[in-house]
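Structure first, commentary second.
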Amino acid sequence: MPAARARSFEVIPAVQGDARYEVRVGRGAADVLPAIAGGHDAVAIVTARPVLRSPVARRAVAVLERRAQVAATIVLPDAEKGKTLAELERAAVRLLQAGCSRNTLVVSVGGGAVSDAAGFLASTFMRGVPWAAVPTTLLSMVDAAIGGKTAVNLPIAKNAVGAFHPPVAVLCDPGALATLPPREVRSGLGEVLKYAALRPALLGRFARLAGRLPDAGIIAESARAKVEIVRADPLERGERKLLNLGHTFGHGVEAAGGFSGFAHGEAVAVGLVFAFRLAARMGRIGPLAVAEIEEAARSAGLPARVPAALARRAVRLMGYDKKRTAAGLRWVLPRARGASWTVEWDVSAPDEAVDATVGEISAFDSRRRGR
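Count the sequence shown with the working numbering and you get residues 56 to 426, in order.
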């Protein structure tokens, strides 16, 4: 690769236990795919049909088809419909029929759902084959493709079946964002807002986006935040639980909406507001912190509430959340520190505080109409 091109990339070294890989952010990031595929006997591409409208995705697939041995291209149903055990069984059968082996490289080209599903396919096929990610949405660039958490959904629970299986590379081209529908970009901003809530110094930069597409810098900064947390805790036994901020209630919202009513990042934004309001009700933070998160969500066009009936169903479905223990559900919640806050994991919350927060969000909903 010419030196001038190399300087246009931000390369973030990622360490996850014994695994080492790079998160590369910049124009043309996926052009290194043939070099990555070179040590493998074949490549299996996993994507979804709407993804192939993206010039970045089409270029990545074309590069592989020209310069690598592509044994199979698996096209999943779009979004969460592709993240089921039935679809993964179909995909695994295709790999077997195509002659794929334990030295085949799975390449995910798509958004967060494709990354989750392709990574899980790679983690289970032949008891584990390598995979690389070409994320084409903001959500997958800053979250789903990084950290090796792969999964599929069950009808009543998000990401309930999965495995830790780090990729060999994550190749993020911000050019892919230009062709995304606005709602898809907003969904990714929900995860960027999560990193800003974890690192409050980033909130000002988040607010300055003001409807603009995130650039390579903010993508790299978000990715770096995740990489650093995963390095400290590869298997989510401690600090990595911070990355679930906003996801406890958020996953309940997704399940309550049948995994179609709210995009993932929209649900995370609602979950962040819920977590901050719950923390305020418990006396952990003051009202100004809540207002700051709510204003940041609104500035990005993200929802801060859900209808009361859906909120009540979301709370019931939280009972299936992976973060529950024998002692009950554990939350990731902020706590005041000086003029700002820090975030803690494994926090227990009284049922009455959770129930009251549901009512509070419902009242908040009635005062501010529209989504």
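Even for Gly, the Cβ is constructed at its ideal location relative to N, Cα and C. Since the model is a prediction, treat every value here as computed from it, not as a measurement.
Residue i to residue j span [Cα, whole Å]
i	j	result
Leu151	Gly307	36 Å
Leu88	Met337	49 Å
Val162	Ala99	6 Å
Ala200	Ala256	24 Å
Ala215	Lys204	11 Å
Phe340	Arg263	According to the sequence as given, residue 340 is Ile; it is not Phe. Distance between the alpha carbons of Ile340 and Arg263 is about 24 Å.
Cys227	Pro237	19 Å
Gly425	Asn158	Bear in mind that a pLDDT of 39 at Gly425, under 50, signals an unreliable position, so the model cannot answer this.
Asp160	Gly202	Strictly speaking, residue 160 in this sequence is Leu, with Asp absent from that position. When rounded, the distance between both Cα atoms is 18 Å.
Ser421	Gly414	Low confidence applies to Ser421: its pLDDT is 43, below 50, so where it sits in the model is not reliable, and the reading given next is rough at best. Their Cα atoms are separated by approximately 11 Å.
Gly316	Ala322	9 Å
Val111	Thr412	42 Å
Ser417	Val282	36 Å
Arg332	Ser354	18 Å
Pro342	Ile348	10 Å
Val409	Thr303	12 Å
Arg360	Glu350	13 Å
Ala84	Val240	20 Å
Leu268	Ile274	10 Å
Lys213	Ser242	16 Å
Leu258	Gly301	16 Å
Arg390	Val402	11 Å
Arg292	Ala318	27 Å
Glu294	Arg385	14 Å
Best match in the options for proximity to residue i [C-alpha to C-alpha]
i	options	result
Ser195	Gly165, Val223, Ala206	Gly165
Leu327	Gly245, Arg385, Glu291	Gly245
Ala310	Gly217, Val387, Ala366	Ala366
Asp406	Ala172, Gly383, Ala394	Gly383
Pro221	Pro210, Asp198, Ile211	Asp198
Phe219	Ser170, Pro190, Arg254, His302	Ser170
Arg122	Arg113, Lys138, Ala92	Ala92
Cys155	Lys138, Gly167, Gly183, Ala172	Gly183
Ala187	Pro105, Ala278, Arg295, Glu77	Glu77
Ala233	Arg104, Arg108, Val101	Arg108
Gly393	Leu119, Ala344, Pro362	Ala344
Ala153	Asp96, Val106, Leu140, Val207	Asp96
Ala127	Val207, Ala173, Ile284, Leu193	Ala173
Leu235	Val106, Leu388, Ser403	Val106
Val80	Ile211, Ala364, Val116, Ser277	Ser277
Ala141	Phe175, Arg75, Leu119	Phe175
Glu65	Pro185, Arg279, Ala90	Arg279
Gly374	Gly94, Gly305, Ala335, Leu357	Gly305
Ile449	Ala324, Arg254, Ala363	As shown, the chain starts at 56 and ends at 426. That puts residue 449 outside it, with no answer to give.
Phe329	Gly356, Leu298, Val370	Val370
Ala103	Leu372, Val189, Ala90, Gln124	Val189
Local conformation of residue i per DSSP, three classes
i	result
Gln124	coil
Asp406	helix
Glu283	helix
Ala224	strand
Gly383	strand
Ala394	coil
Met56	Confidence at Met56 is low in this model, with a pLDDT of 40, below 50, so its placement is unreliable and the value that follows should be read with caution. Reduced to three states, the DSSP call for Met56 is coil.
His319	helix
Asp171	helix
Lys296	helix
Glu291	coil
Gly356	coil
Phe304	helix
Gly414	helix
Asp198	helix
Arg157	coil
Thr139	coil
Asp96	coil
Arg422	With a pLDDT of only 41 at Arg422, under 50, the local geometry of the prediction cannot be trusted, and the value read off the model is given with reservation. The answer is helix: DSSP assigns Arg422 an H, G or I state.
Ile348	helix
Arg114	helix
Val361	coil
Arg267	coil
The ligand PLP heavy atom lying under 7 Å from the CB of residue i
i	result
Ala275	In the structure on display, the ligand PLP does not appear, and there are no ligands present to speak of.
Beta bridge counterpart(s) of residue i as assigned by DSSP
i	result
Val207	Val216
Gln71	Ala74
Ser163	Val101, Ala188
Glu65	Val80
Pro389	Val398
Val452	Residue 452 lies beyond the stretch modelled for the chain, which goes from 56 to 426, so this question has no answer here.
8 Å Cβ cutoff, residue i in contact with chain B
i	result
Leu327	In the displayed structure, chain B is absent; only one protein chain is listed.
Open item on the list: Would you call the region 167 to 180 in contact with the region 140 to 148, where contact means no fewer than 3 C-beta pairs closer than 8 Å?
Closed with: yes
Open item on the list: Can you confirm whether the region 123 to 141 touches the region 61 to 80 when touching is taken to mean that 3 or more C-beta pairs between the two stretches lie within less than 8 Å?
Closed with: Contact between the region 61 to 80 and the region 123 to 141 is absent, with fewer than three C-beta pairs closer than 8 Å.
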